[in-house]
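Contents: one structure, followed by commentary.
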Amino acid sequence: MATTENFDPAELEKFSDLAHRWWDTESEFRPLHEINPLRLDWIDSLVPLRGRRVLDVGCGGGILADSMARKGATVLGIDLATKALKVAQIHALETQTEGVEYREISAEALAAEDPGSFDVVTCMEMLEHVPDPSSIVKACAALVKPGGHVFFSTINRNAKAFLFAIVGGEYVLNLLPRGTHEYAKFIKPSELAAFCRAAELDLRQIRGLEYNPLTSHYWLSNNTLVNYLVATQRA
1031 MATTENFDPA ELEKFSDLAH RWWDTESEFR PLHEINPLRL DWIDSLVPLR GRRVLDVGCG
1091 GGILADSMAR KGATVLGIDL ATKALKVAQI HALETQTEGV EYREISAEAL AAEDPGSFDV
1151 VTCMEMLEHV PDPSSIVKAC AALVKPGGHV FFSTINRNAK AFLFAIVGGE YVLNLLPRGT
1211 HEYAKFIKPS ELAAFCRAAE LDLRQIRGLE YNPLTSHYWL SNNTLVNYLV ATQRA
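Going left to right, the sequence shown walks through residues 1031 to 1265 as my numbering numbers them.
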């Protein structure tokens, strides 16, 4: 597997500039804090995390990684955003979270170094921010043990997703900073499924993530037109 770095420098800079706000629940990262219990419980319901060795790819400031460790997993969070990783490390020290570590390395490089080492791999809200999402999917598949589980979440590419995720989320409701997403990088479920099949990951479940702006309520559903999550298992 190639180990060339699969990242967009502008994307790394964008999230690095906001790094100090990762754990501010009223900041630009508020949506991540609000959806985290949903995605955490969904993962844990399909593969109980306690006692598992878990890798969180594109962990950012550690919101999901930290919560999975608190479920009893041993977690490694990886990212290429140096500032965000430092925030994650400091948060783990301040809150005395056990069982979580962070490392600055790409998924592809780690896959070449330590393949087949994890029971569970998560890659959430990241695929739409890299130049080659299929390479990330392939690396995640290489990193998980045979029979292990890989979880993804991303954004569909269609008119409704553009309206809700970009126009609504970034310009009307100001849920995210403007410029957070690029429509051309959104990924259709059929495309992600094809990436998974090519990486020998079997699709197990797909769920939509919905949001009501009037009640500020998020929930999982069968509607995958905008945000969606995918559970897979390595053959």
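All C-beta atoms in this analysis are idealised placements derived from N, C-alpha and C, irrespective of residue type, glycine included.
Through-space distance from residue j to residue i, alpha-carbon basis
| i | j | result |
| --- | --- | --- |
| A1032 | T1245 | In this prediction, A1032 scores a pLDDT of 43, lower than 50, which makes its location untrustworthy; the coordinate-derived value is nonetheless stated afterwards. Rounded to the nearest angstrom, the two C-alpha atoms are 46 Å apart. |
| P1163 | I1217 | 9 Å |
| A1122 | R1082 | 19 Å |
| R1051 | G1129 | 23 Å |
| G1238 | D1144 | 32 Å |
| L1266 | V1150 | Missing from the structure shown is residue 1266; the chain here goes from 1031 to 1265 and no further. |
| G1088 | A1169 | 12 Å |
| L1157 | F1225 | 11 Å |
| P1176 | N1257 | 28 Å |
| T1125 | W1053 | 12 Å |
| T1184 | E1155 | 5 Å |
| E1230 | W1072 | 22 Å |
| S1165 | H1159 | 13 Å |
| L1085 | A1195 | 27 Å |
| N1253 | Y1241 | 11 Å |
| E1212 | C1153 | 18 Å |
| A1191 | Q1263 | 27 Å |
Cβ-Cβ distance between residue i and residue j below 8 Å
| i | j | result |
| --- | --- | --- |
| F1181 | A1261 | yes |
| Y1132 | G1107 | yes |
| I1065 | Y1248 | yes |
| N1186 | L1255 | yes |
| P1061 | L1206 | yes |
For residue i, the three-state DSSP class (helix, strand or coil)
| i | result |
| --- | --- |
| E1212 | coil |
| P1145 | coil |
| A1265 | coil |
| A1032 | For A1032, the predicted structure reports a pLDDT of 43, less than 50, and the residue's modelled location is therefore unreliable. A value from the coordinates is still provided. Coil. |
| I1267 | Summary: the structure shown does not reach residue 1267, with the chain confined to residues 1031 through 1265, and so no result is reported for it. |
| I1266 | Because residue 1266 is not part of the residues shown, which for the chain are 1031 to 1265, the question remains open. |
| T1184 | strand |
| L1231 | strand |
| E1134 | strand |
| K1113 | helix |
| G1199 | helix |
| T1152 | strand |
is_contact[residue i, chain B] using C-beta, thresh 8 Å
| i | result |
| --- | --- |
| A1169 | As a matter of chain content, chain B is missing from the structure shown, which is built from one protein chain. |
Query - Secondary structure, beta strand (DSSP E): runs of 3+ residues fully inside the segment 1037 to 1092 - result: 1083 to 1087
Report task. With a floor of 4 residues, list each alpha helix (DSSP H) that falls wholly inside the segment 1235 to 1265, ordered by position along the chain. Result -> Segments of the alpha helix (DSSP H) lying fully in the segment 1235 to 1265: there are none.
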